[in-house]
Structure formats: structure tokens, C-alpha cells
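Protein chains in written order, with my numbering: chain A, 6 to 308; chain B, 17 to 762.
Glycine residues also receive a C-beta, built at the ideal position from the N, C-alpha and C atoms.
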Amino acid sequence: MAPETFLRVLDPKPYKVAYVQPSRRPADGRYGENPNRLYKHMQLQVILKPPPENIQELYLESLGALGIDLRQHDIKFEEDNWESPTLGAWGIGWQVMLDGLEITQFTYFQQCGGVDLFPISAELTYGLERIAAFLQDVDSIYEIVWARDPKTGDMVKYGDVRLADERQMSVYNFEMADVEKAWKHFELCEGECKALLDGYSIVREKPQVSQRDLGHPIYDKKRFPLLGAYELCLKCSHLFNILDARGAISVTERVGVIARVRALAVGIAKAWVDQQKDEPQADKEESEPAAEQNAADMAPATP
Amino acid sequence: MPQPVRAEHVSPGRQSWVRCENDPGPERDGIKQMPDFLLEIGTEEIPARMIASAQQELQRRVADLLSRERLPAATEISHVDTPRRLAILAPGIPDAQPDVSEQITGPAVSVSFKDRQPTNAAHAFAKKAGVEVAQLERVTTPKGEYLSAKVTKRGRSAAEILAELLPKEIASIYWPKNMYWRKPNERFVRPVRWLVAMLDDQVIPLEFGGIRASNGTRGHRVLFPGAVVISRSSEYSENLRNAKVLCRAEREQQIRKALDAATRTIPGARWREDPSLLDTVVNLTEWPSAILGSFDREFLELPEEVLVTVMRDHQKYFAIEDVKGKLLPNFLAVLNTDGDPQGLIRHGNERVLRARFNDARFFWQTDQKHPLRDRVSWLKNVTFQKDLGSYYEKTLRVQRLCSWLTETIKQKGIAVRPGVVHKAACLAKTDLTTELVKEFTELQGIVGGLYARVQNLDRGMPDATRQLIAQTIYDHYKPVSAEDSVPRSVEGAVLSIADKAETIAGMFALGLQPTGSKDPFALRRQANGIVKAMAEHKLPILISDLIKLARETYAGSVAEKKFAQGTNYANALGAFFRERIEFYLRDQLGYAYDVVNAVLMADADDVVDAVARAAAVSEVRSSADFASISVAFKRIKNILHQARETGKEVSSAVDSSLFQEEAERKLGAEIPEIAQAVAQFRQAREYSRALTEISRIRPAVDAFFDKVMVMVEDERLRANRLALLQTLLKEFSTIADFSEIVTQGK
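In C-alpha cells:
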């Protein structure tokens, strides 16, 4: 979950955003050999807080805007509730099926970072490869036309852009990622994240603290880098996924490791809510475009 | 399919309410006197699995409300449910509650008048009753004369009551999983987007979830996007149909027709009935149709089980087979729209299925790189349960239990191949490490069986043996539900029983037995499976032995250290299995509960035996002899109970020299004679003949109670007679405890 989603849904301010994010799930890798499975795919992520009453109609219109004439297709909303145990986030919703193909996950968030949300946000994640393959009527994701040279008309296909990534990262994630080092990375990131959270709780008690108290330059609460803490938490989440793909986490351990990452996410969510509380009302950043280039979704593959 | 709930709310006490003179005419507030009530809750798509039960609950709640509020419907309440709406139509409800008159009693006449003038007490009472003092009446009670008044309570209008009370009923509907979208304390399965509440053409001012009811509903999302106005509640179904929304029964019929029509295009083909899949697609559509699609023949090389699972569970497609029942390279998809003239939808669905099948084939081929026998050691890394260790350890325990079981039943003359069971037990869980099972968990066991069928299990193993091993693995989760069949072979049954018993034993030993409605490890279902497999394969395994041996497989293990101390393992499991046998006899075989009780009171350790006894007892249960024996046995139990309570002695043995009455002597002589015959027949498991013997004792028992007094003063006589009765009870309750049989009219 990108910070633009994870953190932004926590506070009560209305918020609407759409951005593309890569979603990485190491265990879903197929060495580029499977025409429909990717370890990394692109999502168009839409957050609407609070969800408008006609949200489903708006969503269906958006499909029309993509060139899908619903009168010629079969669309169904089938129950599917999304959950990210590592980030303490879950919601209620559907997978949207278009002619038997899941094209969107539609979720009404209920909790994020263990925090009950109010108002809630609706999250729409459009699976871009699937929609593109559908629109272009190709059987393999790698056959999607990614771009055309405006002069020559030569095509660049998705495979040209991504195949090496899938192939090599599958090898890395399944076979070569150094388990021992991944654990060390995990512990380092976890440790730093925890230290930041401890730092925040000191800042929260005493808005002006000395360098001696914190071991860092003086910060006021508003400048405290919870976003940095969240990035470390995401790294933990991703390292957990890699370790999982390597088969390095037994079912017993799994629960414990998930709880460790979740503890970070919950701590950050609480701190963020606290940090936002004192933001002046006039602060209007909400329409700022948020096309972060590295907003990788590191939510673990849910079982 | 939910049965239409019968309108049970026609208030029986209706006549007792007195209609008043000032009863309104047929018209009041512009509504006819018995308007049709319509309620429709319009929502975003409700999960298919939740619709039917929520609909039934809503209907029950509305019916109860109308009955409680004295607004019963004239005819049966009907309903409409689709993914986007739950609706109730109650035809002809009163437009208002009937007014009621009540006679209330006031102060005593003696304090109500002073000097023939009404006192304050009389005035206050008249005011309270809303009448003039002059209108007050007098009643005479045993305590004296009192004032009394007739009070009329005007009934409230139906609209007012419904607007007030329905929101609470709507909010109370149970959902397996609900959500909030507007306010944290306002929960429903999905956001409510519109409400219709009408009495004929009048809107009821009902509010729920921030929505105010109107007469506007919505049609099919795509086929009828415009507004739909309901002119009159009675025209609701018609209005919906025009807006391309069908009720459940119509949708099911339309789907069946469409599936038939699409299938007919292939000569000799038929679609595979699948009631739960049909139910799902009925609950996913408002205006259904169906298309026939096809897939590449080469996918038919994959096992049918895999293809059908992908189609059914992942795509909600129906499979099609030829005359011989062989799968055809086609599928049927149910659409929520009126057709696919250009074939675009078919094309899309075919593409998705192709991708899914490609995936499955990829997994299948990847899995073959490591045959099952290589995967046994991999099970060390798969946790069975955190305190019970890995699946590898489980495998060893199940193998050990299987050896005991096969030996036991072999000794009792059952033909079984221990080597087959042993090998199958060794490989049974290895498919948990395969990609195919990781993707399609519902195929566990089946995939193992399929792989064993095509893989080389052991050098020089005859093909027939391998096939039997494969089948044993394939079946070993069976029966997975009450409806499911048991494993086909004895070997499969033994493995299935051992696998389940080992789990149940471990969980009980850890103190993780099911409590109340909580059974997270589905231990009840697994025990049901054990009972059913034993009964149908007629396996002579005693439950007590199974419990003991299953527990012994854990002896010396690490898991054992985690076992809960001080729990009465054997007793708890004995009681648990007894309940499961009871369930099997009653719910699966249909025996009356008293027969089941009677049979299990006698013995609940041998499932096969219990089934045979239940059959025999069931047959004679209503005969005059057994009705009489049952009454007598109840009496004997009471007498013995009473004797115990009052500390009366019961002799340890019957002394025939103490008999005084002829009836006593006769019973004393017949008991050992008949009991011996009963014991012989019981030994030979000839229960009908044993019961015939038992019935022979009836005249003697009847005569005994007719002529002999048990609780006499003479202690020796009494103790001897009690002993006689106790012997009778003991010797004749080995097949069933007849005192448990419920007799007519007694």
C-alpha cells in the first residue's frame, strides 16, 4: 500500500486521488512463462473519501471511458473482501468481473493500520495489464502493445519492457535472494522504524526537544518523518514477501512475522493520526497529484 | 430454494379486540382499508451466498411485526430478492390497528362518593379514563363495589407503525459479514442506496441508512438504467419485470431454459447439474441468459477434476458432458444481461478460461518434476498444527494408526491390504506441497490420487496395486460433508478414519475440542466422517479402541508435552463420538430420537452394531408388546430410583425361595430362560430374533405388576423383589434401553 493510500485514508479530511502504482508480489512470479501471471503488475489506484453515493455508477462510467461498452458485455460484482494482514488493513467489497475476467478490486476500507476509519474510503484498483489485454484482445500480457513509434509505427510490446524483469526477479525471489541477509535487512528496517516511532512519541510529549533528548537535530512534531518510518515498514513487508517466496518462513513463524510488521504499521497509523490532528484547517494539500514514481505496493499476497 | 413463508401471523386473538362504533369507513386518509404493503431495500450487490437467508429473515421479521402490531396480511406474504434488493409484499394489511376498548377498574365506590357527590378520587379516575363522571360504571368484585370505565384506545395507522418500527427490523438482519459506510454504528451488508415502502400508492415515510423511502426503484444496471416508478405496490413485480429484473423463481427457470437451449446445439450433450452452482448464479443475476463457449481439446488431457474445479469454483461455469458422461471441451456461462449477439462475451470468457487452464497445466507439469515419493520429506516443512508438529510427523502417526486398524479388522475377517494402506498413508499428504493444490486447495487428496495414478511409486509395483493406492489417496478426505459418499475401498475407509482420528485425538489432547457453535478445526465434521465410513464399510472397530490408539500414536512425541493436563481425554472423546453416532443414526439414517437414545444407552462403542440394533428396534418399536415393555421398564426404573433415594436395600442376587406369589415365581423363572436366548441372539447379532425373545417376557411382567406389590414392609421380600426387577432391567437392556422409548398416550 502506497503512503498515498495507507496514510491518506486515516484522517477525516475528504480526499480524492488516482495514481498508477506497481504492485509487487514475489510469490506470484512465473519466470515470465505464464501469459497471465506477473510478480509485478500495474494498478490504477483510486481513493474516494468519503465514497460518493453513486460510486458504482461512476465506476461503470469509467469503464465506458476506457472504451468498454457495457451493453455488449457482462458485468458482475462478486463478493471479495480485501485484506492486508501485515498492514492491519481490510475492507469489504467485490471483484468486478467483466466477461469472466477480474478487472477491478472494489473495496470499502474499514480499517487501516488497525485504526477504525471514519469517514471510510472507497478504493478502486484497476488491473491495468488485464484491462489492456482485454481491450487489445491479446492472449498474453507480454503481447500488449505498450507504445508505438509516432514516426515509423513500430510497436513496443509489454514483453519488450517487462519480460526481463519478470524472468530475473522470479529467479531472484524464488532461488537466489539470500535468506540470511534478507532477515538481517528485515531486522535493520524494523529496528530503524521502531526507533523513529520511539522518537515520535518523545516529540509528541515535548514538542520542542533538545538534540540530547533525541540524538537528532531538533524537530517539531509536524516535521517528524513518519513517512520515512512508513517506508521502512513497507520494506519489512516486502522482505517478508521475499522470505515467504523463498519458502524461508514456516507456517508457525508466519503469524509471528506478520504480527511484527503489523505492529509497525499500527504504530505509524496511530502516530500519523496524531500528527494530522494539529494540522491547521486551512491546509489544503488534498488535490495535489500523487504520481509517486516509487510508490510500490508492497502489500503481501493475501492467502 | 427458500420456501415461501406461510403467513402465520393471522392473529388468533383478533376477535377479542372490540371494534368501536366510531370505526372509520372503508376509506381513511385516502387509502383503501386493506392496502398492499411493499418494502424494498435497494443495495449495492449483496454477496450471493447471503441472499437467501437474509431474505427469509426479513420476511419473518416483517410477518412477526405485522402480527405483533395487529396488522396481519390477508393472504400469503411474498418476496422478491435479487443481488441488489430484498423486497417483501404483504397483501391486504389493515390500514390501521383496530381500536380497542378496555374496561378499567378504579377506586372503590365507598371512597368515590361522599354525600352522593363524586369525590376527588372519582374525578381523577374519570379524567384518567377520558370520560365524564356520569359515564362511570360500577362493578362488583369479591372485595366490594368499584368504579369502572370503558376506555377506547384508537389504533395507530399502519403507515405510522411501519415507519417507526421497520428500520429496527432492517438493522437487525443478521449478516455473516457486514460493513459501515456512513456512520460507524450503522451496519449492513453493503451500502443501502434506495428504499421503497408503500401502502398501495402511498409512500410510507420510512428512513434507514440516511435514505428516505420513496416510490422509486431501480431496474437492471445496464439493460434499464432509467428511473422506475412504482405506481402501486401490487404492481411491483410487473414494474420490475419491465425494468429487466426477475424474481428468483423466474431467474432460475430462465437460466435452466437458457442452459438447455445452449446445450442442445451440441448433439447428445447435456450440462452437469450442480445445485449449489445454480444457486450462486441465480444470486448473481437480475436478468440472466447463458452462452456456450468452448476450449481447446488438448486441455482434456488434464484430469477432469481439475478442469471442472477451475470452471465451477473459479469461473462459475457449468461443465458439459456427452452421452457417456465424458467431459466435452465446452462450458456454459450464465450472464447478467440479455444476450451476446456479437459473441464478444463468449470470446472474452473463452480467453479467461484458456488462461486459467494454461495456469493449471503449468502447475501440473511443474509438479511432475518432483514425484510424490520425493515430497514426503518436504512435509517436514509444512506445519500441521503449531503444537502437533509438521505433516511429516502426522504422516508417521497416521501410518502407525493404520497398521493397528488394518490388523484389527483383518483379525475380524475383513479383507484389507495393509501394504496398500501403508503406502497410501505415506503419500497422502504430499500433494500439499504441489503447486496445483496450493492453487486449488479444494483439490487436496484428489490431486495426490491423480499424481499417484500416473507416477512410478515403487519399482516393480503391479499396476493394479498402484491404482488402488492412488484411489485410496484420492478418497481419503471423504466424506467431506454429510451428503458426500464414503471412500470406495476398505483401504480408503481405513486411511480416512485414521487421518481424522489422529487429528481429533491431537486436538482433544491439546484441549482444543469444539465448544458450542465453535468448531474451528471442523472436528465434528471429521468425526461424522469416521462414523459414516465405519457404518457403511461395516468396520468392526470400537470407538474406545480408536480413541485410545489414536492417542497412543503421540506417545513420546514433542507434541505430547503440549497436551493439556488434567483433561479427561477418554470421557470427553467418548461423549463427543456418542453425539456423532447419534447424529448419524438420527439425521442421516432417519431413526426416531427415542430409538436412537434407547440404542445408545445400551452401548455406543460399536457403530456397526448400533446401526443394526437401531434398525431392529425401530421395526418393533410401535408393537403392543414393546409399548407395554417400555412402560413397564420406565416403571421399574422409577421403582429402583425411589428405592435408592429412600435407602431401601436391593439384594445382590435373586433368591427364588423368597417368592410368594405365582406371578413372581413365573417372572423369576422366565427371566434367566429368556435372557439366555436373548444373549445368544445378541452374540450372533440377530437382533430381530433377540427382540422377539424379549417380547415373550411381557405377559410375565404385566402379571407381576398386576399381582405383586414391590415396596412391601417386609425387608427381605422387598429387597428380593427389587433384585428381581434389577435383573430384569439389566438382562433385557443389552440391545436397547426400552425405558427411553416414547409411548403413545402414556
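Between the beta-carbon of residue 89/B and that of residue 81/B there is about 11 Å, and that puts the pair past the 8 Å contact cut.
Between the region 224-236 of chain B and the region 190-205 of chain B there are three or more inter-stretch CB-CB distances shorter than 8 Å, so the stretches are counted as touching. Residue 232/A sits exposed, since fewer than 16 C-beta atoms from the chains shown fall within 10 Å of its C-beta. Straight across, the Cα-Cα distance linking residue 589/B with residue 113/A is about 44 Å. Against chain A, the CB of residue 352/B has a partner CB under 9 Å away; the residue lies at that interface.
Chain order gives the chain B residues near residue 81/A as 300, 352, where near means a beta carbon separation below 7 Å. When beta bridges are read from the DSSP output, residue 117/A appears opposite 120/A.
Residue 90/B has no beta-bridge partner at all, per DSSP. Not flagged as an interface residue toward chain A: residue 308/B, since no C-beta distance is shorter than 9 Å. Taking all protein chains shown into account, residue 6/A has 16 or more neighbouring C-beta atoms within 10 Å of its C-beta and is therefore buried. Comparing C-alpha distances from residue 22/A to each of 130/A, 98/A, 118/A shows the shortest one belongs to 130/A. Between residue 420/B and residue 596/B, the alpha-carbon positions lie close to 23 Å from each other. At least one CB atom of chain A sits nearer than 9 Å to the CB of residue 195/B. Beta-bridge analysis with DSSP links residue 96/B to 103/B. Taking C-alpha positions only, residue 185/A is separated from residue 574/B by approximately 27 Å.
For chain B, the residues of the region 63-87 of chain A that bring a beta carbon within less than 8 Å of one of its beta carbons are 65, 75, 76, 77, 78, 79, 80, 81, 82, 83, 84, 86, in chain order.
Annotated three-state conformation of residue 315/B is helix, per DSSP. Residues 542, 543, 545, 546 of the same chain have their beta carbon placed closer than 8 Å to that of residue 516/B, with the five preceding and five following residues left out of the count.
Residue contact check for residue 246/A against chain B: no CB pair falls below 9 Å. Across the structure, residue 85/A and residue 172/B are spaced so that their CA atoms are roughly 44 Å apart.
A residue is called buried when at least 16 other Cβ atoms come within 10 angstroms of its Cβ; residue 264/A does not meet this threshold and is exposed. One finds 105 in chain A with Cβ atoms closer than 7 Å to the Cβ of residue 331/B, taken in chain order. In chain order, 262, 304 place their CB closer than 7 Å to the CB of residue 270/B, counting only its own chain and leaving out the 5 sequence neighbours on each side. Here residue 640/B is exposed, its C-beta having fewer than 16 other C-beta atoms within 10 Å.
Using beta-carbon distances, residue 365/B counts as an interface residue toward chain A, with a partner under 9 Å. Checking the DSSP bridge columns, you'll see residue 346/B partnered with 310/B. Residues of chain B whose Cβ lies closer than 7 Å to the Cβ of residue 110/A do not exist, since the nearest Cβ in that chain is about 14 Å away.
In this structure, DSSP gives residue 149/A a state outside helix and strand, which the three-state scheme calls coil. The beta carbon of residue 239/B is closer than 7 Å to those of 260, 303, 353, 354 in its chain, skipping five residues each way along the sequence. Of all C-beta pairs linking the region 91-102 of chain A to the region 335-353 of chain B, fewer than three are shorter than 8 Å, placing the two stretches out of contact.
Residue 173/A and residue 367/B have their alpha carbons spaced roughly 27 Å apart. Chain A places a beta carbon closer than 9 Å to that of residue 239/B, counting this residue as a contact. Listed in chain order, the positions of the region 163-189 of chain B with a beta carbon within less than 8 Å of a beta carbon of chain A would be empty, since no residue qualifies. Cβ atoms of residue 395/B and residue 411/B come within 8 Å of each other, at about 6 Å. Contact note: residue 42/A reaches chain B through 375, using a C-beta cutoff of 8 Å and chain order. Approximately 37 Å separates the beta-carbon atoms of residue 111/B and residue 63/B; this is outside 8 Å, ruling out the contact.
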